[in-house]
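Protein chains: 2
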Amino acid sequence: MHELQIINDFFSKVSANNKHSLNLNDDVFFHRSKSLVISVDTYVEGVHFINFQKPNLVIKKIIRSSISDLLCKGVNPKYYFISGSGNKTTFTKKNLKLISKSLKEEQKKYSINLCGGDTVFSNKLSFTITSVGFSNKIIYRNKAKINDDIYVTGNLGDSSIGLKVLQKKIRLNSKLTKYFIDKYFHPNLHKNLTKKLLSFANTSIDISDGLISDLEKLINKQKLSYKLYLKSIPISKNIKKLIDLKIINKMSSISQGDDYQILFTATPTKSRIITKVCKSLGVKISKIGKICNYSKKSQIIDEKNKKIAIKNKGYIHKF
Amino acid sequence: MHELQIINDFFSKVSANNKHSLNLNDDVFFHRSKSLVISVDTYVEGVHFINFQKPNLVIKKIIRSSISDLLCKGVNPKYYFISGSGNKTTFTKKNLKLISKSLKEEQKKYSINLCGGDTVFSNKLSFTITSVGFSNKIIYRNKAKINDDIYVTGNLGDSSIGLKVLQKKIRLNSKLTKYFIDKYFHPNLHKNLTKKLLSFANTSIDISDGLISDLEKLINKQKLSYKLYLKSIPISKNIKKLIDLKIINKMSSISQGDDYQILFTATPTKSRIITKVCKSLGVKISKIGKICNYSKKSQIIDEKNKKIAIKNKGYIHKF
Chain Z
1 MHELQIINDF
11 FSKVSANNKH
21 SLNLNDDVFF
31 HRSKSLVISV
41 DTYVEGVHFI
51 NFQKPNLVIK
61 KIIRSSISDL
71 LCKGVNPKYY
81 FISGSGNKTT
91 FTKKNLKLIS
101 KSLKEEQKKY
111 SINLCGGDTV
121 FSNKLSFTIT
131 SVGFSNKIIY
141 RNKAKINDDI
151 YVTGNLGDSS
161 IGLKVLQKKI
171 RLNSKLTKYF
181 IDKYFHPNLH
191 KNLTKKLLSF
201 ANTSIDISDG
211 LISDLEKLIN
221 KQKLSYKLYL
231 KSIPISKNIK
241 KLIDLKIINK
251 MSSISQGDDY
261 QILFTATPTK
271 SRIITKVCKS
281 LGVKISKIGK
291 ICNYSKKSQI
301 IDEKNKKIAI
311 KNKGYIHKF
Chain W
1001 MHELQIINDF
1011 FSKVSANNKH
1021 SLNLNDDVFF
1031 HRSKSLVISV
1041 DTYVEGVHFI
1051 NFQKPNLVIK
1061 KIIRSSISDL
1071 LCKGVNPKYY
1081 FISGSGNKTT
1091 FTKKNLKLIS
1101 KSLKEEQKKY
1111 SINLCGGDTV
1121 FSNKLSFTIT
1131 SVGFSNKIIY
1141 RNKAKINDDI
1151 YVTGNLGDSS
1161 IGLKVLQKKI
1171 RLNSKLTKYF
1181 IDKYFHPNLH
1191 KNLTKKLLSF
1201 ANTSIDISDG
1211 LISDLEKLIN
1221 KQKLSYKLYL
1231 KSIPISKNIK
1241 KLIDLKIINK
1251 MSSISQGDDY
1261 QILFTATPTK
1271 SRIITKVCKS
1281 LGVKISKIGK
1291 ICNYSKKSQI
1301 IDEKNKKIAI
1311 KNKGYIHKF
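Top line first, the protein sequences correspond to chains Z and W. Counting in the numbering used here, the first sequence runs from 1 upward without gaps. Counting in the numbering used here, the second sequence runs from 1001 upward without gaps.
Right under this line is the structure:
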């Protein structure tokens, strides 16, 4: 079974009488009259991060990954809880110092505050982060409209190359190695864009499992399809180099996830204001495709105007 | 290192500028102007529950253990999140059905609603429960006053015997076996007492680590001591039988924790109203001792009016 199946088959009904759970399909809980937004995510060693050799970097990554769920929906995170399961070798004084230093740095960078959590003994290292924000408005999933433009912030794929380097699946020169590993550990969140998003995005999600996988999740309860243009999908100059050298291919690198960029759709009339706002904030923004009628099949068009067959849509959480 | 040391040495400072964290010393986050109360707890197989042979019972126990943190502070839990880490053998369809059935039953019993969570792959089974309630008032820790009476609800120790039976450390007849195992899996929370507590308790905590351990936590930032009378500490008739048979001793059985009864202190003038309220709600209540001046050493007095030397104060979360 995969995660979505578990939620649909066993947990959706449990939350059926509770409209604030958003059918467990939105990655957050939203209580409008309490202006309350909460997300909960668990990160396991060997699944969500390779190991704990660099506790300071792992902590930064998981904090950002967690608050990204709120930021992509137009909500500034304000508080967070961290619950860590570990043992004597993972929760050493040295590691705890590094964890606490990273938390302080992330708190400053993203204006968030530690509120509590738990520390428990386990021979398997994992963390659960609960992020809390206050807003009486959020951008929901499944609110795309036919003919909407599809946008994505920043670049995709850098993080996945960083992971491959760390896993020793790719060897690169020291400059590129440093670049991609840094991108893997430090997702570049766009906190300054968050509140603006509310004024133009019809629907949004953060890219954690891969562009295609998350785009399909974004509209999974709607009868809609999409058309994406591969050449418009933003990548860094450094990824372009690897593609030119045939070390990787573009379609695969944008489908690995872990990017934490914001994917959203907007009515075409918003195009100018989106460009203007993003320019003024220094946020790279790319129009990568269109939302289409359900009668058309979803498709990705390559540089030569040919349809691409999608083999691997992205990361699937399997059990 | 143990848990309190980790929090004090590495995390208290991280949350120092955030008054709502209550110095990470209260088991909950409380934001008065938002009327928001949140607790986060993680439960690991082999530490917080023995195994997953009875998923339905384990889930009930951890949900109750989590909402107990709010109930003991005068707050009704309203929402909860469950984040489970497991694998193919733990998250089978059969087990997921049992989990979902138990969640529905607990929701009905305690008027709580599932709001979200996460399901991730891990070979070590664990759950993190985030409980949320709304209240502009809570009962804090460390607000005891000299000469306060010390009260506890229900009976202590039943759960710890249930654990020993499950661990095959004690063998009992089938009737007692059933009784104690039931007490282990189904902590008896006093939801109806919660709101009343606000009107008479000066300070409160739920008993998870053991009576003495939790009493000391309750006043750990105050210069106070306590005097407890062993004979007043409430136990069930069934535990009394085991004590009479010298299978266990009272002091040890009340120090094992996992009781989820409410321990609180109150000004002596509240004595009559407490008795009256608890009687009308059908909640067993026992006055077990006094809060004393710091110049006196904390003490426990046995049936023969002698001081007891405390060997094991309760469960300590060690790393």
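Even glycine gets a Cβ: it sits at the ideal position worked out from N, Cα and C. From a predicted model like this one, the values you see are computed outputs, not experimental measurements.
Taking a cut-off of 8 Å for Cβ pairs, the segment 1110 to 1130 of chain W and the segment 1140 to 1152 of chain W do not touch, as fewer than three such pairs fall below it. The Cβ-Cβ distance between LEU1224(W) and TYR1294(W) falls below 9 Å.
Taking a beta-carbon distance threshold of 9 Å, CYS1115(W) counts as an interface residue toward chain Z. For VAL277(Z), the nearest beta carbon of chain W is not closer than 9 Å to its own beta carbon.
Look at TYR140(Z) here: in three-state DSSP terms it is coil, with no helix or strand label. Taking the Cα positions, HIS2(Z) is about 16 Å away from ASP41(Z). DSSP places SER1204(W) in the uninterrupted beta strand (DSSP E) bounded by 1203 to 1206.
Close to GLU3(Z), with beta-carbon spacing below 7 Å, are these residues of chain W in chain order: THR1119. Taking CB atoms only, ASP41(Z) has a neighbour in chain W less than 9 Å away. Beta-carbon to beta-carbon, LYS1060(W) and HIS1186(W) are separated by about 6 Å, close enough to satisfy the 8 Å threshold. In this structure the segment 1103 to 1110 of chain W does not lie against the segment 1170 to 1181 of chain W, because fewer than three pairs of beta carbons, one per stretch, are closer than 8 Å.
GLN1299(W) carries a strand assignment under DSSP once its states are collapsed to helix, strand and coil.
In this chain, the beta strand (DSSP E) harbouring ILE1291(W) covers 1285 to 1293. About 6 Å separates the CB atoms of ILE150(Z) and ILE291(Z); that is less than 8 Å, so the two are in contact. At a beta-carbon threshold of 7 Å, the residues of chain W lying near SER85(Z) are THR1042, VAL1044, SER1126, ordered along the chain. Secondary structure note for THR194(Z): its alpha helix (DSSP H) is the uninterrupted segment 194 to 200. The alpha carbon of LYS164(Z) has as its nearest neighbour, out of THR153(Z), VAL152(Z), ASP182(Z), the alpha carbon of ASP182(Z). GLU1303(W) has its alpha-carbon roughly 53 Å from the corresponding atom of LYS1093(W).
The three-state secondary structure of HIS2(Z), taken from DSSP, is strand. Counting only runs of at least 4 residues, the segment 136 to 191 of chain Z fully encloses the following alpha helix (DSSP H) elements, listed from N- to C-terminal order: 158 to 166, 174 to 185.
Residues of chain W with a Cβ closer than 7 Å to the Cβ of VAL47(Z) are, in chain order, VAL1120, PHE1121, SER1122. Per DSSP, reduced to three states, the secondary structure at ASP209(Z) is coil, with no helix or strand assignment. Per DSSP, reduced to three states, the secondary structure at LYS313(Z) is coil, with no helix or strand assignment. Residues of the segment 94 to 116 of chain Z with a Cβ closer than 8 Å to any Cβ of chain W, in chain order: LEU96, LYS97, ILE99, SER100, LEU103, LYS104, GLN107, ASN113, LEU114, CYS115, GLY116. When only Cα atoms are considered, VAL1058(W) and PHE1049(W) end up about 7 Å apart. Counting along the chain, no alpha helix (DSSP H) covers VAL1028(W), and no H or E run does either.
Annotation: LEU281(Z) to LEU71(Z) spans about 15 Å, alpha carbon to alpha carbon. Interface residue (Cβ-Cβ distance to chain Z less than 9 Å): PHE1029(W) is classified as such. Look at ILE7(Z): its C-beta is under 9 Å from a C-beta on chain W. The beta carbons of PRO1268(W) and ASP1158(W) sit no closer together than 9 Å.
Under a criterion of Cβ atoms nearer than 9 Å, no residue of chain W is adjacent to VAL58(Z); the nearest Cβ is some 15 Å distant.
Beta-bridge partners of SER131(Z) (DSSP): SER39(Z), TYR80(Z). Around the beta-carbon of ASN95(Z), 16 or more other beta-carbon atoms lie within 10 Å, marking it buried. ASP244(Z) is classed as exposed because its beta carbon has fewer than 16 other beta carbons within 10 Å across all chains shown.
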